[in-house]
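Engineer: Heads up: the sequence shown is residues 497 to 947, going by our numbering.
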Amino acid sequence: MSLAAARRSSALVVAAVSVALFADSLLYSAVVPVLPGYAERLGVGPLGIGTLFASYAVTLVAATVAVGRMGDRVGRRGPLVVGMLGVTGATLLFASATTYPQLVVARSLQGAAAGVVWTVGVALVAHRLPPDRVGLGMGVVMASMSAGLLVGPPLAGILATAHGFRAPFLVCAGLVALCALAQLAPASAPVPSPARTPVRELLGAPRFRATLAAVVLAAAVLSMLEPLLPLDLASRLDATPAVVGLVFGAATLAHLVVSPAVGSLADRRPTFPALPAGLLVMAAAVPFATVPGSGIGVAGVLVVVALGYSLVLIPGLSRVALDVRATGGGYAAACAVFNVTYAAGMAIGPFVGGAAADRVPLPGLFAATAVVLALGALLVHRLDARSRPPVALPAIPDETDPHHEGTRTALPRLTHGGPIDRTPTTGPRPDRSPVPPGDVTPDRADTSTTH
């Protein structure tokens, strides 16, 4: 496969995953303005509505763990299409639900399908893009997710107002079904299970632990702001729900706009300390969230928070992809660990923030949050200092094509703080037979994935 053809193949992968995540985020956000009201009409109280929304997270984590364990063995294109069909089925169940248990089943199926789509979709991008473009690919994928979050609520609100509760879900079902049929990602061959679990090796590396620490902090702070800031805006500025939506919409739009640029930065400047910088940007902005006397001012603060969040999330995904390459495989498993870590942050933030807000005024709580973020940035920096990142490689052809006959390049192994293993991949070795050109790293014969 020529370099130009490989780049076209990579672009199709990014396009397919972007469409999938846009469709999933579209449905996720579309339920926000219509589902609580419909559940109330069915006689469901606040606890029941909370349980309904929580069922999504429970099944998402369960599906993420399951897919992470098997995704590297069965391939990714098939599970991605199955996940999209699951999202379509959940959407149709929402449209046809007439009882509360049916809504719970639909919401649970939506969470499980989302876990499949997110895990195998991100793993597919990590697997199929060359190392010098994986950051940009992740940025584009995250931008498509933000686009779905922006489009979903107004689209659902307009359709529900004009045509009733079922209209948004029927329209979303049609869109998601088209997205499932439009998956153009080339089939990827199953990756044999390594002799040593790559995720365990990754978890032993300070660099990977630093990524997870930054991600859980960023997710926790962002999810803490979501329930607390609307209450402050309503009590302090008499903000209406529409104003609150615009304030948070500005942050989502900012994430959409900067994600590709941040991903490109991660590709061009792999040594730039993006994760500590992102946490520090969030730390600098969060204490000012309760200061502005207008919704526009608060929106400006959230835009800065979104920039810091993007500096953590997009390079974090890129780092995971490069680290997995350096250990020889296990993309789906590593992406599952990333997603579960992010979900943990989303669960921790509202719980801790809500408990603290009952005892501490919001300005004091947000100041303490800034201190935690700054300490987290220091921790991430120190963990990074104990490890050396994988060597950045130039763009190389996509070798998953069966007709590609070019020499494969073995990636240096991720280290646990020591020197990088640059054992040659050609020539005789003292303990084994000579390795033919293009063979894999010494102790991972027949198990590594190269591109």
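Just so you know, even glycine gets a beta-carbon here, dropped at the ideal spot from N, CA and C.
Measuring alpha carbon to alpha carbon, tell me which of 778, 846, 820, 699 ends up nearest residue 621.
Structural biologist: Counting from one through the sequence shown, the residue named residue 621 turns up at place 125. Considering only alpha carbons, the answer is 820.
Engineer: Under 8 angstroms: do the region 548-557 and the region 573-582 share three or more Cβ pairs, one atom per stretch?
Structural biologist: The region 548-557 vs the region 573-582: no contact.
Engineer: Taking DSSP as the reference, what is the three-state secondary structure of residue 789?
Structural biologist: Within the sequence shown, residue 789 is the residue found at index 293, counting from 1. Coil at residue 789, not helix or strand.
Engineer: Measuring from the CB of residue 658, is there a heavy atom of the ligand NAD at a distance below 7 angstroms?
Structural biologist: No copy of the ligand NAD occurs in the structure displayed, which carries no ligand at all.
Engineer: Determine the closest residue to residue 563 out of 589, 585, 608, with distance taken between C-alpha atoms.
Structural biologist: Here residue 563 corresponds to residue number 67 of the sequence shown, with the count starting at 1. Looking at the Cα atoms, 608 is the closest of the given residues.
Engineer: From residue 525 to residue 838, what does the alpha carbon distance come to, in whole angstroms?
Structural biologist: Residue 525 sits at position 29 when you count from the first residue of the sequence shown. Residue 838 sits at position 342 when you count from the first residue of the sequence shown. Residue 525 and residue 838: Cα-Cα distance of roughly 18 angstroms.
Engineer: Quick one: Cα of residue 674 to Cα of residue 583, how far?
Structural biologist: Along the sequence shown, read from residue 1 onward, the residue named residue 674 stands at position 178. Along the sequence shown, read from residue 1 onward, the residue named residue 583 stands at position 87. Roughly 12 angstroms separates the two Cα atoms.
Engineer: Mind checking residue 520: buried by the 16 CB within 10 Å criterion, or exposed?
Structural biologist: Working through the sequence shown from its first residue, we reach residue 520 at position 24. So residue 520 ends up on the buried side.
Engineer: Among 746, 793, 710, 667, which residue has its Cα nearest to the Cα of residue 587?
Structural biologist: As a first step, residue 587 must be located in the sequence shown, where it is residue number 91. Nearest option by C-alpha distance: 667.
Engineer: I'd like to check one pair, residue 513 with residue 817: are the Cβ atoms closer than 8 angstroms?
Structural biologist: Locating residue 817 in the sequence shown gives position 321, where the first residue counts as 1. Locating residue 513 in the sequence shown gives position 17, where the first residue counts as 1. No, Cβ-Cβ distance for residue 817 and residue 513 is not below 8 angstroms.
Engineer: In whole angstroms, what separates the C-alpha of residue 726 from that of residue 657?
Structural biologist: For the purposes of this step, residue 726 is taken as the residue at position 230 of the sequence shown. For the purposes of this step, residue 657 is taken as the residue at position 161 of the sequence shown. Cα-Cα distance, rounded: 24 angstroms.
Engineer: From the DSSP output, in three-state form, read off residue 660 for me.
Structural biologist: Stepping through the sequence shown from its first residue, residue 660 is reached at position 164. It is coil, neither helix nor strand.
Engineer: Whose C-beta lies closer than 7 angstroms to the C-beta of residue 762 among residues of the same chain, with five residues either side of it excluded?
Structural biologist: Residue 762 sits at position 266 when you count from the first residue of the sequence shown. Cβ neighbours of residue 762 beyond the five flanking positions: 631, 770, 810, 811, 814.
Engineer: From residue 776 to residue 593, what distance separates their C-alpha atoms?
Structural biologist: Counted from its first residue, the sequence shown places residue 776 at position 280. Counted from its first residue, the sequence shown places residue 593 at position 97. Spanning the two alpha carbons is a distance of roughly 45 angstroms.
Engineer: How should residue 703 be labelled, buried or exposed, when 16 other C-beta atoms within 10 angstroms of its C-beta is the threshold for buried?
Structural biologist: As a first step, residue 703 must be located in the sequence shown, where it is residue number 207. Residue 703 should be labelled buried.
Engineer: With 16 as the cutoff for other CB atoms within 10 Å, does residue 659 come out buried or exposed?
Structural biologist: Here the question's residue 659 lines up with position 163 in the sequence shown. Under this definition residue 659 is an exposed residue.
Engineer: Out of 708, 650, 655, which has the shortest C-alpha to C-alpha gap to residue 835?
Structural biologist: One-based indexing of the sequence shown puts residue 835 at position 339. Nearest of 708, 650, 655 to residue 835, Cα basis: 708.
Engineer: Could you check the C-alpha separation between residue 829 and residue 716 for me, to the nearest Å?
Structural biologist: The count along the sequence shown starts at 1 and reaches residue 829 at position 333. The count along the sequence shown starts at 1 and reaches residue 716 at position 220. If I take the Cα positions, the gap works out to 22 angstroms.
Engineer: Measuring only the C-alpha atoms, how far is residue 508 from residue 633?
Structural biologist: Mapped onto the sequence shown, residue 508 falls at position 12. Mapped onto the sequence shown, residue 633 falls at position 137. When rounded, the distance between both Cα atoms is 11 angstroms.
Engineer: In three-state terms, what does DSSP make of residue 507?
Structural biologist: Numbered from its first residue, the sequence shown carries residue 507 at position 11. Residue 507 falls in the helix class under three-state DSSP.
Engineer: Residue 847 lies in the alpha helix (DSSP H); which residues open and close that run?
Structural biologist: Locating residue 847 in the sequence shown gives position 351, where the first residue counts as 1. Residues 827-853.
Engineer: Which of helix, strand or coil does DSSP assign to residue 514?
Structural biologist: If you number the sequence shown from 1, residue 514 lands on position 18. If DSSP states are grouped into helix, strand and coil, residue 514 belongs with the helices.
Engineer: Below 8 angstroms on the Cβ atoms is my guess for residue 695 versus residue 808; work out the distance and round it to an integer in Å.
Structural biologist: Along the sequence shown, one-based indexing puts residue 695 at 199. Along the sequence shown, one-based indexing puts residue 808 at 312. Not really, about 21 angstroms apart at Cβ, beyond 8 angstroms.
Engineer: Would a C-beta distance cut-off of 8 angstroms place residue 714 and residue 751 closer than the cut-off?
Structural biologist: Within the sequence shown, numbered from 1, the residue matching residue 714 stands at position 218. Within the sequence shown, numbered from 1, the residue matching residue 751 stands at position 255. No.
Engineer: Thinking just about the alpha-carbon of each residue, which of 677, 518, 626 is nearest to the one in residue 636?
Structural biologist: Taking the sequence shown and counting its residues from 1, the one referred to as residue 636 is at position 140. Among 677, 518, 626, the Cα nearest to that of residue 636 belongs to 518.
Engineer: Look at residue 798 and residue 747 and say whether their C-beta atoms are less than 8 angstroms apart.
Structural biologist: Looking up residue 798 in the sequence shown gives position 302. Looking up residue 747 in the sequence shown gives position 251. Yes. Within cutoff.
Engineer: On the premise that residue 617 lies in contact with residue 511, defined as a C-beta separation below 8 angstroms, what is that separation, rounded to the nearest angstrom?
Structural biologist: Looking up residue 511 in the sequence shown gives position 15. Looking up residue 617 in the sequence shown gives position 121. Not really, about 12 angstroms apart at Cβ, beyond 8 angstroms.
Engineer: Alpha carbon to alpha carbon, how far is residue 530 from residue 541? Give it in angstroms, no decimals.
Structural biologist: The sequence position of residue 541 within the sequence shown is 45, counting from 1. The sequence position of residue 530 within the sequence shown is 34, counting from 1. Those two C-alpha atoms are separated by around 15 angstroms.
Engineer: Determine the contact status of residue 724 and residue 853, defining contact as a CB-CB distance below 8 angstroms.
Structural biologist: Indexing the sequence shown from 1 puts residue 724 at position 228. Indexing the sequence shown from 1 puts residue 853 at position 357. In contact: residue 724 and residue 853 (Cβ atoms closer than 8 angstroms).
Engineer: Under 8 angstroms by Cβ, that's how I've got residue 595 and residue 538 pegged, so tell me the actual separation to the nearest angstrom.
Structural biologist: In the sequence shown, the residue the question calls residue 595 occupies position 99. In the sequence shown, the residue the question calls residue 538 occupies position 42. Yes, they are in contact, since the Cβ atoms of residue 595 and residue 538 sit about 7 angstroms apart, within 8 angstroms.
Engineer: Use the C-beta contact count for residue 792: other C-beta atoms within 10 angstroms, 16 or more gives buried, fewer gives exposed.
Structural biologist: Here residue 792 refers to the residue found at position 296 of the sequence shown. Classification of residue 792: exposed, given that the 10 Å Cβ count is below 16.
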